[in-house]
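K.L.:
Let me give you the structure first, and then I'll get to my questions.
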Amino acid sequence: MAGISTLTQSPLSASDRCDRCGAQAYVRVKLATGELLFCGHHSKEYAVSLKRVAVEIEDQTERLLESPAER
């Protein structure tokens, strides 16, 4: 996993959707050629492959545990 940053930048919003299924995105994967957004389920499903090609992974799935007032 060397070379992969997991820094959090701007929070993903409800309008950010998973590129695989359309659910709310909580993970942003930056690639050399662009970025992909994933829901928690699909980010876990593709984690191994994504770590191999990602420049940066922003994982905001901890927000799933927050109450609506905290978001």
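Numbering (the numbering used here), first residue to last: -4 to 66.
Ideal placement from N, C-alpha and C gives every residue a C-beta, glycine not left out.
It should be emphasised that the depicted structure is a prediction, and the values quoted were computed from it without experimental measurement.
Excluding five sequence neighbours on each side, which residues of the same chain lie with their C-beta closer than 6 Å to the C-beta of Leu31?
P.N.:
Asp14 and Val24
K.L.:
Nearest-angstrom Cα distance between Phe33 and Gln55?
P.N.:
Their Cα atoms are separated by approximately 10 Å.
K.L.:
Which partner residues of Leu46 appear in the DSSP bridge assignment?
P.N.:
It is Lys, not Leu, that sits at residue 46 in the sequence shown. Assignment of beta-bridge partners to Lys46 by DSSP yields no partner.
K.L.:
Along the chain, where does the alpha helix (DSSP H) containing Glu51 start, and where does it finish?
P.N.:
Following the DSSP letters along the chain, one finds Glu51 in no alpha helix (DSSP H) but inside the beta strand (DSSP E) bounded by residues Glu51 to Asp54.
K.L.:
What does a CB cutoff of less than 6 Å around Val22 pick up in its chain, not counting 5 residues either side in sequence?
P.N.:
Phe33, Ser38 and Asp54
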